[in-house]
Amino acid sequence: MASPSNYSTAPVSEFLLICFPNYQSWQHWLSLPLSLLFLLAMGANGILLITIRLEASLHEPMYYLLSLLSLLDVVLCLTVIPKVLAIFWFDLRSISFSACFFQMFIMNSFLPMESCTFMVMAYDRYVAICHPLRYPSIITDQFVAKASVFIVARNALLTAPIPILSAQLHYCGKNVIENCICANLSVSRLSCDNFTLNRLYQFVAGWTLLGSDFILIFLSYTFIIRAVLRFKAEGAAVKALSTCSSHFILILFFSTILLVVVLTNVARKRVPMDILILLNVLHHLIPPALNPIVYGVRTKEIKQGIQKLLHREM
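Counting from 14, one number per residue, gives the positions in the sequence shown under my numbering.
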């Protein structure tokens, strides 16, 4: 057996992910609903992306933004959930040093990318309802392309220091992560160094990015509601709000799940660790599974496009 001194100074080349350290017998039972949700997320987003790609009537800025949201959901799911299922089914707990920090980068950058996409979609609805005559000249394909570059660049650049700072820490002994995913704080706690800067940067960057997005979303919907209340034509207000309903529901899903995760982490001493781990996993799975379904059910054009796609395959 290695001496304590040797153990404490040995460099770490890989980590071990321990899901539900107190209730590992749950894993096989939990893998079934998680795998079904994963298949639903992949299938629903795949159908949505194919439908928007093949249906000419959906080649509009609003649907391009929805495609971007679906792509972000797919990448996020594929980065996190297959590894979780591999742990549950095959006990493949090890993850390499580089793979762990790559997963950390995807999780930390794609979350604000999604909130930023919601913000751009809210602006799209604001222009459509408050300035309908100027909508074709403002919300163009070029606007969507520039917005997409902004969404990816802003969030990738501002969140990149989180995994970089975490990777620069000295991991000299412990390599067991009590989590299903390589969350920044779960990994950083294993280091022998002070990770206060890492934790502070994540807090400031995360709340700055998400906070600014939600403020702009709130302002967009405030102006939308004010404009709708001024409509005098019968049924005009209902018709205008119906164009925002799907987007508003997605924001509620996203913000509610995010709020639950934040509050439970704040009260981590009162909430069992296994509940926190489960919420973190579901946070990367439930929105991707529900987002395309909400748009597919509530948007007439997408529903018709899916029906055409299904008839074409028959």
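All residues carry an ideal CB built from backbone N, CA and C; glycine is no exception.
Reduced DSSP secondary structure (H/G/I, E/B, other) of GLU27: Of the three classes helix, strand and coil, the one that applies to GLU27 here is strand, per DSSP.
VAL189, DSSP secondary structure in three states: VAL189: strand per DSSP, three-state reduction.
Which of helix, strand or coil DSSP assigns to ILE288: Helix.
DSSP-derived helix/strand/coil call for SER204: SER204 sits in coil when the DSSP states are folded into three classes, being neither helix nor strand.
Cut-off 7 Å between Cβ atoms - residues of its own chain near TRP102, not counting five sequence neighbours on either side: Within the same chain, TRP102 has close Cβ partners SER44.
Start-end ranges of the beta strand (DSSP E) lying completely within the segment 24-103, minimum 3 residues: 27-30, all fully within the segment 24-103.
Outcome for ARG243 when other beta-carbon atoms lying within 10 angstroms are tallied against a minimum of 16: Burial call: exposed.
Cutoff 6 Å; reference GLY318; Cβ partners in own chain excluding five residues on either side: For GLY318, where only same-chain residues beyond five positions count, the Cβ hits under 6 Å are THR64, GLU68, LEU71.
Classification of PHE208 by the beta-carbon crowding that lies within 10 angstroms, buried from 16 upward: Around the Cβ of PHE208, a 10 Å sphere holds 16 or more other Cβ atoms; the residue is buried.
Whether LEU222 touches PRO125 by CB criterion (7 Å): Yes, they are a contact pair.
Alpha-carbon spacing of ILE177 relative to HIS260, whole angstroms: Going from the Cα of ILE177 to the Cα of HIS260 covers about 34 Å.
Cβ pair count under 8 Å reaching 3, the segment 198-215 against the segment 167-187: Verdict: yes, contact present.
C-beta contact flag for ALA240 and LEU171 at 7 Å: Contact: no.
Entirely enclosed alpha helix (DSSP H) segments - the segment 203-254, minimum 4 residues: Correct list: 209-242.
ALA169 versus PHE115, ALA158, HIS144, ARG138, residue with shortest Cα-Cα distance: Just measuring C-alpha positions, the residue of PHE115, ALA158, HIS144, ARG138 sitting nearest ALA169 is PHE115.
Cβ neighbours of ARG311 in the same chain (closer than 8 Å, five flanking residues each side left out): Hits under 8 Å: SER258, SER259, ILE262.
First and last residue of the uninterrupted alpha helix (DSSP H) at ILE151: 148-151 is the span of the alpha helix (DSSP H), which, as asked, contains ILE151.
Range of the contiguous alpha helix (DSSP H) that encloses ILE108: It is not in any alpha helix (DSSP H) - ILE108 instead sits in the beta strand (DSSP E) that spans 107-109.
Inter-residue Cα distance where the pair is VAL133 and PRO305: Approximately 17 Å, taken between the alpha carbons.
Segment limits, alpha helix (DSSP H) that includes ILE299: From DSSP, the alpha helix (DSSP H) with ILE299 extends over 299-311.
Beta-carbon proximity list for LEU78, same chain, < 7 Å, skipping 5 on both sides: The residues are THR130, VAL133, MET134, ASP137, VAL157.
Proximal residues to SER18 (C-beta, below 6 Å), its chain only, five neighbours per side dropped: Confidence at SER18 is low in this model, with a pLDDT of 39, below 50, so the placement of that residue should be treated as unreliable; the coordinate-derived value is given next. Hits under 6 Å: none found.
Cut-off 8 Å between Cβ atoms - residues of its own chain near THR277, not counting five sequence neighbours on either side: A distance below 8 Å between beta-carbons, with the five flanking residues on each side excluded, links THR277 to the following residues of its chain, in chain order: VAL284, ILE288, LEU289, LEU292.
Under the three-state DSSP convention, the category GLN116 falls into: Residue state, collapsed to three classes: helix.
ASN35 at chain C interface by Cβ criterion, 7 Å: Here there is only one protein chain, and chain C is not present.
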